[in-house]
Structure formats: structure tokens, C-alpha cells
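Enquirer:
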Amino acid sequence: MLGIVVGVATVILMVSAGKGAEKSILDRIRGMGTNLITVTAGQTRVIAGRQRQMSTVTTLMPDDAQAVQQECPSVALAAAAIDRKMATRWEAEMANTSVLGIDPEGLRIRNMAIASGRLFDQDECRGRRRVAIVGPTVVENLFLGSDPVGLTFRIGRVPFEVIGVTEPKGVDANGVDQDDLVIVPLETAMRRLMNVDHIQAVYVQARSSDVLEKAETEIRELLRRRHRLGDKPDDFTLQNQATLLATERETAQSMTLLIGSVSAISLLVGGVGILAVMLISVRERTGEIGLRRALGARRADIRNQFLLESGLLSGTGGLLGVAIGLGSAWAVAASGYWEVVLSWPAAAVGFLFSVSLGVVFGLYPALRAAGLEPIEALRSE
């Protein structure tokens, strides 16, 4: 029975953890923005679970973002962006942090919420103002947890004033900490920090989820025309939120199924244990079986008795496993160490499977008991 208990508890805990991981991933993707399409310069590939740019491409320009917003009917907003890892410093503290230069519209597209302070505006972007918004990780690593709003720090050698702190967003679908980020106006990043005239990405918000694919087609056709690509392959990569959601959901569900299947092996071990226990029970109760047969019990009565005992034994183990599994999942969720979603369907399936397993593995001992001849059984006693 121990195998049944451990098996059911493990399946419930693992499936709940898998569901929690799936929910966490999908929440992070949705947190990146609504109806989001990302245009990235150059071709990218997924390597080790992250999007990697395969080569440096300088053909994506800020004007491309403006053209996408103005000329694509299915697009509501579009914003240019550029990012780079840069050294930051405040007093004696130093940190290597992602610096994102972005248009103010991009803050809306990316759902950037402010915990304290404010966002920068279009005038500050056009004026190349040295203002910055920092993430919670930067607050901890660079400012040692103190309120940084109003403080001046340096990105490279350029001083910036902190005007806001973002709400925590956690890790994105590519495993990148979205809170380890310094956000500055796009023009400031391009001219004062990175000295470039090209951008790395355009964040696009479609008018609705129904036109995501249509918007993607419009963007591709427009950029190919603007970049005069002709028969050449795209010099940019398009990724829409719906596709990313579907891919990540499928991956998470596959992992949950795999983990649950591996955990179910212990249930089979428990079933073998039930088989052994019931065979021993038949051997020890041979005389009882013979007496019942002699008093008129049918073979079906003996068979059903042993099947019932086997089902009750495994069902009891299943109930204990459900209690332990749900209790463990709740404890993990309460600790906050891992996001866990209590899976009641997994609990129900685990219990029913344990009972079924008991009946299946108890069938052979039950048939063996029912097949005993009364005289031989009484003689053995």
C-alpha cells in the first residue's frame, strides 16, 4: 500500500507543480503586453530556451516603427526600442545591467506599471533628457534597497536622474529577469549612450487578438518593401504573442504530462505490492476459502470478496496519497517558494486509478482463490 500512497501523492504534487509552472509562464507572457507583436532586427533562433540574435543587423530604423503604426491598418501602436548591457554606478556600488531605450508608447505596449515616481514623456524623449526608470532588481543591487527616486547615478559615464521604479514583473518566457532593467528615452539611449542610428526591436500592439496574424502579414510586407529586400530573406524576425503563448503552453503541458507519467511508475510498483499481499492472503486463508465453499459459497462470491478487499486496500492507499499530495502542494504554495496550482482533477484521477490498479492486480489472486476446490482447501487446513 505504501507504493500506492507515494505514487498518488507524487503524481498530485508533480502535476500541481507543473500546472503552477504553466500558469507562471503564461502570466509572464501576458505581462509583456496585450496583443503584442515583436519585430527583432536580424534572424533569431531559440538556443537553450532563449531567443538569440544570430548576427548584428543595422537595417531596422526608428522610422520603421513610425511607418508600421501609420501604414498598417491592423496596428494600434508601435514603438522603437534598443537595449544593451551596460555598467551602472551609484556612489561605490556598481552593477552590469540591461539598459532599454524605448519610446513612451512602448511603455504602454509593454504594460510598464510604476510602483513609485513616474514615466517619462515624449518631450523628454525628443529632448534627449537624462532620466531613467529602474526595476526592483536594480533597486536592490545598485541602490541597496533604498528609494532611488530623485537620486543621480551613472550609466557608463553619463549621469541620469531616477524618476520612477517599475512594479515587479519577474522572469519572462526566455528566462530573462525583467526587473533587472534601466529604462531611458529612446533618443537618449541612441545618441548619448550607444551612439547608433539603428534600433534592435519594434514593439507592436495589434488592434485586437483577432487581427494578430493579419497585422503580422502587414508588418512583414511593409518592412520588406521599405528594406528593398526583393528575393532576399527577411532581415528581421516577427514573433506574435499568440504563437508564443501556444508554444509555451504546449511545452508546459508536455512537461507536466512527462513528470506525471514518471511519477505514475511508483503506482505500478504499488500495484505489484498489492498482488503480492493478496497472493499471501489467499495462501493463508485457504482453509477459510474451503469452509465457505463447503457451506455453499459460489466461486463468484469468493472472487468478488477478494476483488473487494484488493480494491479497498488500494483505495485506502489512494485516499492517503490524495491527502498527502494535496497537503504537500498546499504547503509548497503557502511557502511562496514555487507557484503551485492545486489539481483536483489529478487528485480524482489518482484515486480512481489507485482503486482500478487494486482491482486489476487483485484479479489473479481472486481467480486463484475462487478456483480452489473445497475438499483440497479443507485438507490443506
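Residues in the sequence shown are numbered from 8 upward in steps of one, following my numbering. Idealized CB from N, CA, C, for every residue including glycine.
(1) In angstroms, rounded to a whole number, what distance separates the CA positions of THR258 and GLY27?
(2) What is the rounded straight-line gap between the Cα of ALA354 and the Cα of PHE127?
(3) Note down the Cα distance separating ARG135 from GLU194, rounded to an integer number of angstroms.
(4) Give me the Cβ distance between ALA373 and SER317, rounded to the nearest whole Å; I'm assuming they're in contact under 8 Å.
(5) Since I believe GLU225 is in contact with PRO80 (beta carbons under 8 Å), could you give me their beta-carbon distance rounded to a whole number of angstroms?
(6) Can you name the start and end residues of the beta strand (DSSP E) that ASP90 belongs to?
(7) What residue does the alpha helix (DSSP H) around SER105 start on, and which one ends it?
(8) For GLY56, which of helix, strand or coil comes out of DSSP?
(9) Indicate the three-state DSSP secondary structure (helix, strand or coil) for GLN246 in the structure shown.
(10) Report all residues from its chain with a CB closer than 6 Å to the CB of GLN207; omit the five preceding and five following residues, and keep chain order.
(11) Within this structure, are the beta carbons of GLY328 and VAL138 separated by less than 8 Å?
(12) Mind the definition here: the segment 141-150 touches the segment 70-86 only if three or more C-beta pairs lie below 8 Å; say whether that holds.
(13) Less than 8 Å between the beta carbons of LEU107 and ILE162, yes or no?
(14) Nearest by alpha-carbon distance to ILE287: which of ALA376, LEU302 and ALA83 is it?
(15) By the DSSP assignment, the beta strand (DSSP E) with PRO166 in it spans what residues?
Expert: On the basis of the coordinates in this document:
(1) Here residue 258 corresponds to residue number 251 of the sequence shown, with the count starting at 1. Here residue 27 corresponds to residue number 20 of the sequence shown, with the count starting at 1. If I take the Cα positions, the gap works out to 13 Å.
(2) To locate residue 354, count along the sequence shown from 1; it is residue 347. To locate residue 127, count along the sequence shown from 1; it is residue 120. Per the coordinates, the alpha-carbon of ALA354 lies some 50 Å from the alpha-carbon of PHE127.
(3) Here residue 135 is taken as the residue at index 128 of the sequence shown, counted from 1. Here residue 194 is taken as the residue at index 187 of the sequence shown, counted from 1. Those two C-alpha atoms are separated by around 5 Å.
(4) Position 366 of the sequence shown holds residue 373. Position 310 of the sequence shown holds residue 317. Rounded, the Cβ-Cβ distance is 7 Å, consistent with contact.
(5) Within the sequence shown, residue 80 is the residue found at index 73, counting from 1. Within the sequence shown, residue 225 is the residue found at index 218, counting from 1. With a beta-carbon spacing of about 7 Å, PRO80 and GLU225 fall inside the 8 Å limit used to define contacts.
(6) Start at 1 with the first residue of the sequence shown, and residue 90 comes out as number 83. Per DSSP, ASP90 belongs to the beta strand (DSSP E) from 82-97.
(7) Position 98 of the sequence shown, counted from the start, is the residue given in the question as residue 105. Element bounds for SER105: not the alpha helix (DSSP H) but the beta strand (DSSP E), 100-109.
(8) Taking the sequence shown and counting its residues from 1, the one referred to as residue 56 is at position 49. The predicted position of GLY56 is uncertain, since its pLDDT is 48 and thus under 50; a value taken from the coordinates is nonetheless stated next. Coil, per DSSP.
(9) For this step, residue 246 is matched to residue 239 along the sequence shown. DSSP places GLN246 in the strand class (E or B) of the three-state scheme.
(10) Walking along the sequence shown from the start, residue 207 turns up at place 200. For GLN207, where only same-chain residues beyond five positions count, the Cβ hits under 6 Å are ALA48 and ILE89.
(11) Counting from 1 along the sequence shown, the entry for residue 328 is found at position 321. Counting from 1 along the sequence shown, the entry for residue 138 is found at position 131. Against a cut-off of 8 Å, the Cβ pair of VAL138 and GLY328 comes out as no contact.
(12) Flag = no, the segment 141-150 and the segment 70-86 do not touch.
(13) Within the sequence shown, the letter at position 100 stands for residue 107. Within the sequence shown, the letter at position 155 stands for residue 162. No, they are not a contact pair.
(14) Residue mapping note: residue 287 aligns to position 280 of the sequence shown, counting from 1. If we check each option's Cα against that of ILE287, ALA376 comes out closest.
(15) Walking along the sequence shown from the start, residue 166 turns up at place 159. 165-173 is the span of the beta strand (DSSP E), which, as asked, contains PRO166.
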